[in-house]
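So the sequence lines, in the order shown, correspond to chains A and B.
Following the numbering used here, the numbering of the first sequence begins with 1188 at its first residue and continues without gaps.
Following the numbering used here, the numbering of the second sequence begins with 88 at its first residue and continues without gaps.
The C-beta atom is built at its ideal place from N, Cα and C for all residues, glycine as well.
Below is one structure, written out as structure tokens; comments come after it.
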Amino acid sequence: MSKRSIIVILVLVAVVAVLAWAFVPRFSEMARQKELDTLRAARDETEPAERMKKLQSFLEQFPRGKYRGYVHGYIFDTYASLMDDTTRAVEYARDILASDESLDQKGQLYPELFSLWVQTGNSDSIVVLAEEVLELPLTNPWVYMGMGYELVEAKLHPTVAVKLCEKAVGLAEDDYDRTYCLATLGMAHLRAGSPEEAVTALEQAKEFCGEEPDEEILRYLGEAQVALGRKDAAIETYLLMMETGEYDDIRSELTGLYVETKGSAEGLDAEIEARRERRMSPAPEFSLRALDGKLVSLSDYKDKVLLLNFMSPT
Amino acid sequence: MAEFPRLEELMAKFPRDQFEVVAIDDSNQKKKILKVVEKTEVSFPVLLDDKSVGRDLYKIRGTPTTYIINQKGLVVFKHLGYVPQMDEMLEKEVRSLLGGPA
């Protein structure tokens, strides 16, 4: 072989390697996107039989899919809620849990089963199932968090909820996971009668939220602060909540706290209004052509209330 | 697009010199838009967003996104998506801005 042809071959190999390096991740990304789209289409189907068909065909289409666990959950939910056949749902869960599906994929059925026990008030099964799942080496924090949240919502077994959420926090991989795992841990602590721990976890969750803290986090944080007698801190928490929304119960809670700390609720409405205004940003100016060719600007609507609707024809 | 007749209804509930509606098409599909506008006979302006006002200036993350802007030009309401309860929410919001009973 001549030197020249060796060089040509080497160059070709290099080109192929570079192309493969550049495109393989994109192909896998495309496959992932396809899987996600198929999942969403199935999830958003509202007709029960049709939904079941789409979900089952997903499982056939993506034998090694990343989102199989969600689909098992949706199938369970379709039987249990849409078809009102809980026996069938539980059978399905048992079959999948006994199958050779990977632990993390089938693990997502635990919160579903759990939710069903919680709803039906099957108290002993709840604790047994929770202990069982706590022993499993699942890596998805949302499984534990979801179970903890079910208990918090149902106001059942708060100490079990704390254990589940602590495990979830330990598994959290990013800020998003951490926010919701810590938030649920805080709620569980509050239900378990440890407001001090609740405040610590909820404050951390709030930090991760940044500018727009989750309404539920603030609600529990306020409740925990009230339980600790930290009225000024609770007022701040509830005012922050009122900045972005209107909650009748929180407004009356604030009224009570104002009366207790300042002697009267005078100034509360003005304070809420002022905070809301501070948060508002001016709408960016624009000039665009209308369908009839007329030029329309935001400033044409000065002194009026304007509803802007960004849309696309579908 | 499903919200066009509802927006039309909302607009009819308030005096035009106090409240107006503007739709901005994010898709740049003029023909399609024209068809829909003809079919639904909208009375508010429909603008063509060929300058990416929605994505770049208003940072919308999808359509439909609804904004309510008060008399001072401040954004008081922003919502992505459409749910039937929204009609009532929007009406309440506009009414409170116009100083009527909420």
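Buried versus exposed call for residue i [16 or more other C-beta atoms within 10 Å across all chains shown]
i, result
"S1302/A", "buried"
"A189/B", "Caution is warranted here: a pLDDT of 45 is assigned to A189/B, below 50, making its placement in the model unreliable, and the coordinate value is therefore given only provisionally. A189/B should be labelled exposed."
"W1329/A", "buried"
"N115/B", "exposed"
"M1428/A", "buried"
"G1252/A", "buried"
"M1498/A", "buried"
"W1304/A", "buried"
"P1298/A", "buried"
"V1315/A", "exposed"
"T1448/A", "exposed"
"K118/B", "exposed"
"D136/B", "buried"
"P1471/A", "exposed"
"M1374/A", "buried"
"E1453/A", "exposed"
"L1300/A", "buried"
"A1461/A", "exposed"
"A1385/A", "buried"
Whether residue i touches residue j by CB criterion (8 Å)
i, j, result
"N1496/A", "V108/B", "yes"
"L1351/A", "I1313/A", "no"
"S1451/A", "Y1445/A", "yes"
"R1275/A", "Y1266/A", "yes"
"L1493/A", "L177/B", "no"
"I120/B", "P1345/A", "no"
"H166/B", "T152/B", "yes"
"L1284/A", "F1263/A", "no"
"L1508/A", "F1245/A", "Here chain A covers residues 1188 to 1501 and nothing more, so residue 1508/A does not appear."
"A1420/A", "D1401/A", "no"
"M1332/A", "Y1367/A", "yes"
"Q158/B", "K1293/A", "no"
"S1468/A", "V162/B", "yes"
"I1404/A", "K1393/A", "yes"
"V1339/A", "R1281/A", "no"
"P132/B", "V1347/A", "no"
"L1426/A", "T1442/A", "no"
"R1466/A", "E1423/A", "no"
"I156/B", "L134/B", "no"
"E1288/A", "R1255/A", "yes"
"A1229/A", "R1219/A", "no"
The ligand SAH heavy atom lying under 7 Å from the CB of residue i
i, result
"E1237/A", "This structure lacks the ligand SAH, and indeed carries no ligand of any kind."
Spatial distance of residue i from residue j (CA atoms)
i, j, result
"S1192/A", "K1240/A", "56 Å"
"V1203/A", "S1215/A", "18 Å"
"S1486/A", "R1476/A", "14 Å"
"V170/B", "G160/B", "25 Å"
"E1319/A", "E1278/A", "18 Å"
"K179/B", "P1324/A", "50 Å"
"S1286/A", "Y1257/A", "16 Å"
"Y1335/A", "A1388/A", "The question names Tyr, but residue 1335/A in the sequence shown is Gly. When rounded, the distance between both Cα atoms is 14 Å."
"D113/B", "P1382/A", "48 Å"
"E1481/A", "R1463/A", "It is Lys, not Glu, that sits at residue 1481/A in the sequence shown. About 35 Å."
"Q172/B", "A1207/A", "50 Å"
"K146/B", "P102/B", "30 Å"
"A1411/A", "G1432/A", "20 Å"
"A1317/A", "D1435/A", "36 Å"
"D1361/A", "D1291/A", "18 Å"
"P1235/A", "Q1391/A", "40 Å"
"V1195/A", "V1205/A", "15 Å"
"A1353/A", "G1409/A", "For the record, residue 1353/A in the displayed sequence is Glu; it is not Ala. So the two alpha carbons sit approximately 21 Å from each other."
"D1479/A", "E90/B", "21 Å"
"K122/B", "K1489/A", "30 Å"
"G1308/A", "A1341/A", "9 Å"
"V1349/A", "L1372/A", "6 Å"
"V1200/A", "S1189/A", "17 Å"
"F1473/A", "L97/B", "24 Å"
"N1543/A", "T127/B", "Outside the shown range of chain A (1188 to 1501) lies residue 1543/A, about which nothing can therefore be said."
"M1270/A", "S183/B", "43 Å"
"V1273/A", "R142/B", "First, the residue type needs correcting, since residue 1273/A is Thr and not Val in the sequence shown. The alpha-carbon atoms of T1273/A and R142/B are separated by roughly 45 Å."
"G186/B", "F106/B", "12 Å"
"V129/B", "F1249/A", "45 Å"
"Q144/B", "Y154/B", "First, the residue type needs correcting, since residue 144/B is Leu and not Gln in the sequence shown. So the two alpha carbons sit approximately 13 Å from each other."
Original post:
What are the start and end residues of each continuous alpha helix (DSSP H) run of 4 or more residues lying completely inside the stretch 1279-1353 of chain A, in chain order?
Top reply: 1290-1294, 1296-1306, 1310-1322 and 1328-1341
**OP:** Only counting runs of 3 or more residues, tell me where the beta strand (DSSP E) segments fall wholly within the stretch 1365-1443 of chain A, in order along the chain.
**Re:** none
**OP:** Run through the stretch 1455-1484 of chain A for me and flag every whole beta strand (DSSP E) of 3 or more residues, listed as ranges in chain order.
**Re:** 1474-1476 and 1482-1484
Subject >> Any alpha helix (DSSP H) of 4 or more consecutive residues that is wholly inside the stretch 104-129 of chain B >> reply: 117-127
Subject >> Any beta strand (DSSP E) of 3 or more consecutive residues that is wholly inside the stretch 1194-1244 of chain A >> reply: none
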